[in-house]
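Here the structure is laid out as structure tokens; the discussion comes afterwards.
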Amino acid sequence: MTGTLAATAAVALTVVGPASADATSAPDNVTVATAVDALGNQVVDTIQTNGFIYDRTRPAGGGISGPGLRVGAPTTAVSLTSRPYDAFVLQFAENGNVYQVTSTAPYVWTDNRTLGTGLGTVNALASTSRSDGSVVVNIVADKGIYTVSEMANGDTVAPFLLDTTPTTAVALTTLPNGDIRQESIQGGQLVERTLTSDGWGAKTVISTPLAGLTSVATTTQTNGDQLIDVIDQNGRVYELNHTAAGATTGPYLLNENTGATSVALSARPNGDAVQEVVNNHQLTERVRHNGLWGPGTVIS
């Protein structure tokens, strides 16, 4: 199915507005997504057990605010990216439909857009942007992985089925040359695929000897290194690294604590990477500076 989807004025059954204080006192996080914009501002979104999405915002100058309500309706998946002319781009799934909300300034959300409808149960989302402002969104649904492309001029090509293999999780990142790298969990293994100017390439399993994987995140740092974090069946976090020089290191154990269920990664303009992990419903953050991960900090 191909075509152009127009922006919608509103998304039914959702509340998208300014962040406000979370009325709950205990952590209730299930799924996490994060993005950092070109100025160093960060958004961290989590889906709670009731399906609502909550924001945490961190300006480049420091400090963190939230959690505050972002989407007040039962959702099943969320993803975040940033692009040059929009501080952040948020996608979320609700009732088999996928929507996108953008911000033209940090934390000012506008322009609800429908990316896909009638996709069945959407279990995961991933998004990334190129330097020209175009965005690629991958959707894990009942039939496999769908992909949506939003052009730099705003035109959106409707979802088409990219891969019919049953998939658990998906992550995307843009490489320095403009190619897009997809990491997915299929059959408990980490499977990699790259989108070039010639289209999507062949799939390659890169997680050996890991198996039983449940979650994946990826980001490309300013030095060209691509980080890939995965969670195994015991809830431990492992990391692989595709270096800018072309080598692949790992997987190596990044966090031996069990109980992790969701992981997200983003890169800061200063060269650091930021990791968000949901472990036993708590949200923990770590920063990778000069190639080394610092200690974790619970932020909700």
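Mapping of the sequence shown onto our numbering: residues 2 to 301, in sequence order. All C-beta atoms in this analysis are idealised placements derived from N, C-alpha and C, irrespective of residue type, glycine included.
Same chain, Cβ closer than 7 Å to residue i, neighbours up to 5 away in sequence not counted
{"i": "R269", "result": "V37, G41 and V275"}
{"i": "P210", "result": "none"}
{"i": "Y164", "result": "Looking at the sequence shown, residue 164 is not Tyr but Asp. Only G145 and I146 meet the Cβ criterion."}
Cβ-based neighbour list, residue i, same chain, cut-off 6 Å, excluding 5 preceding and 5 following
{"i": "A297", "result": "Inspection of the sequence shows that residue 297 is occupied by Gly rather than by Ala. So the qualifying residues of the chain are T285 and R287."}
{"i": "P60", "result": "N42"}
{"i": "Q190", "result": "V206 and S208"}
{"i": "N291", "result": "none"}
{"i": "G52", "result": "P75 and T76"}
{"i": "T250", "result": "N242"}
Distance between residue j and residue i (C-alpha atoms, nearest Å)
{"i": "T50", "j": "L116", "result": "24 Å"}
{"i": "A22", "j": "V123", "result": "With a pLDDT of 41 at A22, under the threshold of 50, the modelled position of that residue is not reliable, and the figure given next carries that caveat. Their backbone Cα atoms lie some 28 Å apart in a straight line."}
{"i": "P85", "j": "A39", "result": "7 Å"}
{"i": "N281", "j": "A265", "result": "15 Å"}
{"i": "R114", "j": "Y55", "result": "19 Å"}
{"i": "K204", "j": "V31", "result": "29 Å"}
{"i": "E193", "j": "I181", "result": "11 Å"}
{"i": "G295", "j": "D233", "result": "21 Å"}
{"i": "T77", "j": "N96", "result": "8 Å"}
{"i": "V44", "j": "T197", "result": "28 Å"}
{"i": "G202", "j": "D143", "result": "22 Å"}
{"i": "Q227", "j": "R131", "result": "15 Å"}
{"i": "Q222", "j": "F89", "result": "18 Å"}
{"i": "N235", "j": "V299", "result": "20 Å"}
Identified DSSP bridge partners for residue i
{"i": "F93", "result": "V79 and Y100"}
{"i": "A36", "result": "V44"}
{"i": "T244", "result": "BP columns for T244 are empty, so no partner."}
{"i": "D112", "result": "Bridge partners of D112: none, in fact."}
{"i": "E286", "result": "E277 and T298"}
{"i": "A261", "result": "N280"}
{"i": "T250", "result": "N242"}
{"i": "A218", "result": "D230"}
{"i": "V31", "result": "The partner list for V31 (beta bridge, DSSP) is empty, contrary to what the question assumes."}
{"i": "Y55", "result": "T47 and L70"}
Distance CB(residue i)-CB(residue j) smaller than 8 Å
{"i": "A170", "j": "V138", "result": "no"}
{"i": "Y147", "j": "L120", "result": "yes"}
{"i": "V238", "j": "L214", "result": "no"}
{"i": "N271", "j": "A245", "result": "no"}
{"i": "S104", "j": "A34", "result": "no"}
{"i": "F93", "j": "V109", "result": "no"}
{"i": "T1", "j": "Q183", "result": "One cannot answer for residue 1 here, as it falls past the ends of the chain, which runs 2 to 301."}
{"i": "S150", "j": "T82", "result": "no"}
{"i": "G134", "j": "A153", "result": "yes"}
{"i": "T166", "j": "G200", "result": "no"}
Close Cβ partners of residue i (< 8 Å) along its chain, the five nearest in sequence each way excluded
{"i": "D46", "result": "V33, A34, T35, I54, Y55, D56, R57, R71, V79, L81 and L91"}
At 3 residues or longer, and completely inside the stretch 116-183: list those beta strand (DSSP E) runs for me, N to C.
125-130, 136-142, 145-151, 157-164 and 170-175
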